[in-house]
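**Student:** Each residue of the sequence shown is one higher than the one before, counting from 57 in this note's numbering.
All C-beta atoms in this analysis are idealised placements derived from N, C-alpha and C, irrespective of residue type, glycine included.
Given the structure is predicted, the values throughout are model-derived calculations rather than measurements.
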Amino acid sequence: MPTTPEVTDDDAAKRLKLLHTKKEYLFTYIQKTFDMCKKLSETATANEFKRRVFCIDRIKLDFGTVIDEINAIEIDSEASRPTGYTPLDTVEEMYGNIMYYNSLIKVASISTQSSSQPQTKSDNFIRLQPLELPSFNGNIQDWPMFYNLFKINVHDRTDVPKSHKLQHLLSKLTGKACSIASGIPPVEENYDVLFQALISKYEDKRNLANHYLETLFNFKPWKVESHQQLQHFVDQFGSTVAALKALDLDDLQEYLLFYIGNQKLDPQTRKAFESSLTQNEMPTFTSLLKFADSQAKILSRVGGVSTFQTSSSSRPAVSNRVSHSFVTSATRSYNCIICNEDHPVFRCSRFLNMKPEDRYSLVKKHQYCVNCLGGKHRLFDCCSKKVCNKCKLKHNTLLHFESSQKVSTSTNYSTSQVNRPVYRESPSVVLPQVNNSANNSNSVAMCSQAGPEVLVNQNSSTNTVLLGTVKVNVLDNQGVPHLLRFLLDNGSMSNIITKDTLGIINLPTKPTTTSLTGLGSASNSVYGQVSFTFSSQFDFRAKYSVQALVVDKIVDKLPTQTIDSSQLKYLQYLSLADDDFTTPGPICGILGSSVYPYLVIGTSIHGTFDQPVAVNTRLGHVIMGNAPVLQSNEVSRRSCQILSASL
Numbered sequence: 057m058p059t060t061p062e063v064t065d066d067d068a069a070k071r072l073k074l075l076h077t078k079k080e081y082l083f084t085y086i087q088k089t090f091d092m093c094k095k096l097s098e099t100a101t102a103n104e105f106k107r108r109v110f111c112i113d114r115i116k117l118d119f120g121t122v123i124d125e126i127n128a129i130e131i132d133s134e135a136s137r138p139t140g141y142t143p144l145d146t147v148e149e150m151y152g153n154i155m156y157y158n159s160l161i162k163v164a165s166i167s168t169q170s171s172s173q174p175q176t177k178s179d180n181f182i183r184l185q186p187l188e189l190p191s192f193n194g195n196i197q198d199w200p201m202f203y204n205l206f207k208i209n210v211h212d213r214t215d216v217p218k219s220h221k222l223q224h225l226l227s228k229l230t231g232k233a234c235s236i237a238s239g240i241p242p243v244e245e246n247y248d249v250l251f252q253a254l255i256s257k258y259e260d261k262r263n264l265a266n267h268y269l270e271t272l273f274n275f276k277p278w279k280v281e282s283h284q285q286l287q288h289f290v291d292q293f294g295s296t297v298a299a300l301k302a303l304d305l306d307d308l309q310e311y312l313l314f315y316i317g318n319q320k321l322d323p324q325t326r327k328a329f330e331s332s333l334t335q336n337e338m339p340t341f342t343s344l345l346k347f348a349d350s351q352a353k354i355l356s357r358v359g360g361v362s363t364f365q366t367s368s369s370s371r372p373a374v375s376n377r378v379s380h381s382f383v384t385s386a387t388r389s390y391n392c393i394i395c396n397e398d399h400p401v402f403r404c405s406r407f408l409n410m411k412p413e414d415r416y417s418l419v420k421k422h423q424y425c426v427n428c429l430g431g432k433h434r435l436f437d438c439c440s441k442k443v444c445n446k447c448k449l450k451h452n453t454l455l456h457f458e459s460s461q462k463v464s465t466s467t468n469y470s471t472s473q474v475n476r477p478v479y480r481e482s483p484s485v486v487l488p489q490v491n492n493s494a495n496n497s498n499s500v501a502m503c504s505q506a507g508p509e510v511l512v513n514q515n516s517s518t519n520t521v522l523l524g525t526v527k528v529n530v531l532d533n534q535g536v537p538h539l540l541r542f543l544l545d546n547g548s549m550s551n552i553i554t555k556d557t558l559g560i561i562n563l564p565t566k567p568t569t570t571s572l573t574g575l576g577s578a579s580n581s582v583y584g585q586v587s588f589t590f591s592s593q594f595d596f597r598a599k600y601s602v603q604a605l606v607v608d609k610i611v612d613k614l615p616t617q618t619i620d621s622s623q624l625k626y627l628q629y630l631s632l633a634d635d636d637f638t639t640p641g642p643i644c645g646i647l648g649s650s651v652y653p654y655l656v657i658g659t660s661i662h663g664t665f666d667q668p669v670a671v672n673t674r675l676g677h678v679i680m681g682n683a684p685v686l687q688s689n690e691v692s693r694r695s696c697q698i699l700s701a702s703l
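Right under this line is the structure:
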């Protein structure tokens, strides 16, 4: 604003000073109203703007009058620097903008009123205009954007009733996010409950930080320079780093070191560390290091031994198990499953007074290990080397009860003919010859057999030969596991999978020149080659990736006859790779010699010469060999197939 010029007359000077003061007041009023035009999205500002506009015409008129009086006095006093009408030009420009924004508000108000005409007179709220907000399906990476947009455009608005907010919120929830609204009645009073439930579940800085760090560490490096790859790096990697920084963690460096260190610890220690944290506490590397040091001292004092296991996919060799494994903490309490007292079940007087059969039923009911009677793990995962003192099988002596079968456990097969099946001299397996001539063909043999004549001195109606079958979890194209039954055959140079099974896992195939030929030159088609990953049903860490040929059908149901399980009592305590080995069932494929050596651990359990052997593998115990069958009219069958691949 221009300064007040000097005037000689005292009365005129006082009058001029008063007019300048009034001019500044009027100018400030118009200036403040003009500044509100930029913040009309805020409800409070918009309401104040409407109130000030009611006086804006009078204020502008008074401002013009004051300017006229100031100029008249300055002309009479012959001031050297008269005010002029420049301030009025500025006011006119601001006044035009104010009236423009006021007209926009009126148009919006008329539109809102017309859209709410059918409503009752008691509904005085402004209807929420349709907003293009993104939906939220429960993926944590989408939560920050959804939360901020919904909060600004819907939740924070005071002119929208909660019933409308609730309807808008429910319309934007999809997928897993809808489950949080189940059981909550969709009424106005529950809007705050539902919105806070979403915040409690998804507004978690640590989960968001873990997601961003996982994205960064799993980002695949590029091997070839290209602008598309560099742009992808900028878009994905750069945006993830920006999102991580936007979380505004107290100490990002500490949390980054914690994330790396925490991934290197065993699951038991990580679980114990998480239990030591408060609900909203952000862990740091310093606190993790301090906790690990404390746990190490505790384990050293109580004599705990850690058992390290490596992944079977990277180290298929047999791993040595230690004789004992302890999971310890600062305090340890036992809850007996019988009397609920503070002692292990094998020291409970009521348990010791039971019959062995009743003890076994109780242990199986509560899913306790039948070997160590300890924590809830399977016999296959038990680290104890102890066996029954009476029968030398792998179960606790307290669970031993007599049965009609006399069996023995050994890691070495006896060379005595009493304990070994006796085969006829005529060969039952047909192996093709490898031809090294100009056609350069590779031959792959796969043979399976079953028949009453394989055993000498046995009745042909009461025995058969079991082929080793296993159940494994095969991952489909979405990473979902499917429990499928395979034949484990070290006589097959190729892995095989049926066409029907391929339809279940839905994996892509590659063309191949392999042909399948059986006895009598009967030819079967090979539909291609597929790569898949399978894992043990007992330990998901034991993963194997193989390539397999796709065929229409391999063999009929295995076993060929129903096995008499009542004569196999010595197998009831084992973790079986195929718990349906006694019942004929379909075969989804063959796991051949390319993976067989990496599955077999080496130990075995066998009964008499007419009973099958249980071979211990990383997939569980595989049952194979001579086996008694139930009396039936089933016809024994043999099957032998030859795979020939031309290169």
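(1) How is the alpha helix (DSSP H) around Leu78 delimited, first residue to last?
(2) Please name the residue or residues paired with Thr296 in a DSSP beta bridge.
(3) Specify, as a first and last residue, the run of the alpha helix (DSSP H) that Asn204 falls within.
(4) With hydrogens ignored, establish whether the beta-carbon of Gly524 is closer than 6 angstroms to any heavy atom of the ligand MG.
(5) What number of angstroms, rounded off, separates the C-alpha of Glu245 from the C-alpha of Asn263?
(6) What are the boundary residues of the alpha helix (DSSP H) that Val419 is part of?
(7) For a quick check, are the C-beta atoms of Ile610 and Ile552 less than 7 angstroms apart?
(8) Which whole-angstrom value is the C-beta distance of Ser548 and Leu675, which I expect to be below 8 angstroms?
(9) Which residues does DSSP pair with Asn682 in a beta bridge?
(10) Nearest to Leu225 by CA position, among Tyr258, Gln197 and Ser191, is which residue?
(11) Could you please give the first and the last residue of the uninterrupted alpha helix (DSSP H) stretch that includes Thr659?
(12) Which two residues bound the contiguous beta strand (DSSP E) that contains Ile240?
(13) Report, in whole angstroms, the separation of the C-beta atoms of Lys257 and Ile236, which I expect to be a contact under 8 angstroms.
(14) Report back the beta-carbon spacing between Phe590 and Tyr600 to the nearest angstrom; my notes put them in contact at under 8 angstroms.
(15) Please confirm if the region 518-526 is in contact with the region 630-644, defined as three or more CB-CB distances below 8 angstroms between the two stretches.
(16) Check whether the region 539-548 touches the region 623-630, counting contact only when three or more Cβ pairs, one atom from each stretch, lie closer than 8 angstroms.
(17) How many whole angstroms separate the CB atoms of His267 and Ile196, which I take to be in contact at a CB cut-off of 8 angstroms?
(18) For Pro339, which residues of its own chain have a beta-carbon under 7 angstroms away from its beta-carbon, when the five flanking residues on both sides are left out?
(19) Locate the alpha helix (DSSP H) running through Arg357, then write down its first and last residues.
(20) Considering only C-alpha positions, which residue in the set Glu130, Cys428, His456 and Arg597 is nearest to Pro708?
(21) How would you call Tyr416, buried or exposed, if buried means at least 16 neighbouring beta carbons within 10 angstroms?
(22) If you follow the beta strand (DSSP E) that Ser332 is part of, which residue opens it and which one closes it?
(23) Please state whether the Cβ-Cβ distance between Leu82 and Asp113 is less than 7 angstroms.
(24) Quick check on the burial criterion: 16 or more other C-beta atoms within 10 angstroms. Buried or exposed for Ile154?
(25) How is the alpha helix (DSSP H) around Asn103 delimited, first residue to last?
(26) Locate the alpha helix (DSSP H) running through Thr121, then write down its first and last residues.
(27) Let me make sure I understand the geometry here. Which of Thr569, Arg597, Val607 and Leu563 has the alpha-carbon closest to that of Ser587?
(28) Can you round the beta-carbon distance between Cys342 and Glu310 to whole angstroms, since I take them to be within the 8 angstroms contact cut?
(29) Check whether the Cβ atoms of Arg108 and Thr89 lie closer than 7 angstroms to each other.
(30) When you compare each of Asn158, Cys392 and Ser649 to Cys111 by their alpha carbons, which one comes out closest?
(31) By a C-beta neighbour count over all protein chains shown, 10 Å radius and 16 as the cutoff for buried, is Ala683 buried or exposed?
(32) According to DSSP, what are the bridge partners of Lys400?
(33) Which value, in whole angstroms, describes the spacing of the CA atoms of Val678 and Lys421?
(34) If distances are taken between C-alpha atoms only, which option among Lys116, Ile123 and Thr121 comes closest to Glu149?
(35) Helix, strand or coil for Gln623? Go by DSSP, reduced to three states.
(36) Tell me the rounded alpha-carbon separation between Gly645 and Asp304.
**Tutor:** Short version:
(1) Stepping through the sequence shown from its first residue, residue 78 is reached at position 22. It is worth fixing the name first, because residue 78 is Lys in this sequence and not Leu. Asp66 to Asp91 is the extent of the alpha helix (DSSP H) around Lys78.
(2) Start at 1 with the first residue of the sequence shown, and residue 296 comes out as number 240. In DSSP, Thr296 forms no bridge with anything.
(3) Position 148 of the sequence shown, counted from the first residue, corresponds to residue 204. It spans Trp199 to Phe206 - the alpha helix (DSSP H) in which Asn204 sits, taken as one unbroken run.
(4) This structure lacks the ligand MG; in fact it carries no ligand of any kind.
(5) Numbered from 1 along the sequence shown, position 189 holds the residue referred to as residue 245. Numbered from 1 along the sequence shown, position 207 holds the residue referred to as residue 263. Looking at the two C-alpha atoms, the distance is approximately 30 angstroms.
(6) Counting from 1 along the sequence shown, the entry for residue 419 is found at position 363. It spans Pro412 to Lys421 - the alpha helix (DSSP H) in which Val419 sits, taken as one unbroken run.
(7) By one-based count along the sequence shown, residue 610 stands at place 554. By one-based count along the sequence shown, residue 552 stands at place 496. In contact: Ile610 and Ile552 (Cβ atoms closer than 7 angstroms).
(8) Here residue 548 refers to the residue found at position 492 when the sequence shown is read from its first residue. Here residue 675 refers to the residue found at position 619 when the sequence shown is read from its first residue. Incorrect: roughly 16 angstroms between the Cβ atoms, too far for contact.
(9) Taking the sequence shown and counting its residues from 1, one reaches residue 682 at position 626. DSSP, once it has assigned bridges, lists Val521 as partnering Asn682.
(10) Within the sequence shown, the letter at position 169 stands for residue 225. Answer by Cα proximity: Ser191.
(11) Counting from 1 along the sequence shown, the entry for residue 659 is found at position 603. Careful: Thr659 lies outside any alpha helix (DSSP H), inside the beta strand (DSSP E) at Val656 to His662.
(12) What you label residue 240 is simply residue 184 of the sequence shown in a count that begins at 1. Premise fails: Ile240 is in no beta strand (DSSP E) and is neither H nor E.
(13) On the sequence shown, residue 257 is found 201 positions in, with the first residue counted as 1. On the sequence shown, residue 236 is found 180 positions in, with the first residue counted as 1. Contact holds; Cβ gap of about 6 angstroms.
(14) Position 534 of the sequence shown, counted from the start, is the residue given in the question as residue 590. Position 544 of the sequence shown, counted from the start, is the residue given in the question as residue 600. At roughly 6 angstroms, the Cβ-Cβ gap stays under 8 angstroms, so Phe590 and Tyr600 are in contact.
(15) yes
(16) no
(17) On the sequence shown, position 211 is the one that residue 267 refers to. On the sequence shown, position 140 is the one that residue 196 refers to. Yes, His267 and Ile196 are in contact; Cβ-Cβ is about 5 angstroms, under 8 angstroms.
(18) For the purposes of this step, residue 339 is taken as the residue at position 283 of the sequence shown. Counting only Cβ-Cβ distances below 7 angstroms, and skipping sequence neighbours, we find Phe314 and Leu333.
(19) Against the sequence shown, residue 357 aligns to sequence position 301. First-last of the alpha helix (DSSP H) with Arg357: Phe341 to Val358.
(20) There is no way to answer for residue 708, as the model of the chain reaches only from 57 to 703.
(21) The sequence position of residue 416 within the sequence shown is 360, counting from 1. Looking at its Cβ environment, which holds 16 or more other Cβ atoms inside 10 Å, Tyr416 is buried.
(22) In the sequence shown, counting from the first residue as 1, residue 332 sits at position 276. Careful: Ser332 lies outside any beta strand (DSSP E), inside the alpha helix (DSSP H) at Pro323 to Ser332.
(23) Position 26 of the sequence shown, counted from the first residue, corresponds to residue 82. Position 57 of the sequence shown, counted from the first residue, corresponds to residue 113. The answer is no: Cβ separation not under 7 angstroms.
(24) Translated into the one-based positions of the sequence shown, residue 154 becomes position 98. That one is buried.
(25) Stepping through the sequence shown from its first residue, residue 103 is reached at position 47. Its alpha helix (DSSP H) spans residues Thr99 to Val109.
(26) Taking the sequence shown and counting its residues from 1, the one referred to as residue 121 is at position 65. Where Thr121 is concerned, the enclosing alpha helix (DSSP H) stretches over Ile112 to Asp132.
(27) Residue numbering aside, residue 587 sits at position 531 when the sequence shown is read from its first letter. If we check each option's Cα against that of Ser587, Leu563 comes out closest.
(28) On the sequence shown, position 286 is the one that residue 342 refers to. On the sequence shown, position 254 is the one that residue 310 refers to. Note that residue 342 corresponds to Thr in the displayed sequence, not to Cys. Their Cβ separation, rounded to whole angstroms, is 7 angstroms, which keeps Thr342 and Glu310 in contact under 8 angstroms.
(29) Walking along the sequence shown from the start, residue 108 turns up at place 52. Walking along the sequence shown from the start, residue 89 turns up at place 33. Yes, the pair counts as a contact, with Cβ atoms nearer than the cut-off.
(30) If you number the sequence shown from 1, residue 111 lands on position 55. The option with the nearest alpha carbon to Cys111 is Asn158.
(31) Numbered from 1 along the sequence shown, position 627 holds the residue referred to as residue 683. Counting Cβ neighbours within 10 Å, Ala683 comes out buried, since at least 16 surround it.
(32) Indexing the sequence shown from 1 puts residue 400 at position 344. The question names Lys, but residue 400 in the sequence shown is Pro. Its beta-bridge partners do not exist; DSSP assigns none.
(33) Counting from one through the sequence shown, the residue named residue 678 turns up at place 622. Counting from one through the sequence shown, the residue named residue 421 turns up at place 365. C-alpha separation (whole angstroms): 24 angstroms.
(34) The sequence position of residue 149 within the sequence shown is 93, counting from 1. Comparing Cα-Cα distances from Glu149 to each of Lys116, Ile123 and Thr121, the minimum goes to Lys116.
(35) Residue mapping note: residue 623 aligns to position 567 of the sequence shown, counting from 1. Three-state DSSP puts Gln623 in a helix.
(36) Your numbering for residue 645 matches position 589 in the sequence shown. Your numbering for residue 304 matches position 248 in the sequence shown. Rounded to the nearest angstrom, the two C-alpha atoms are 53 angstroms apart.
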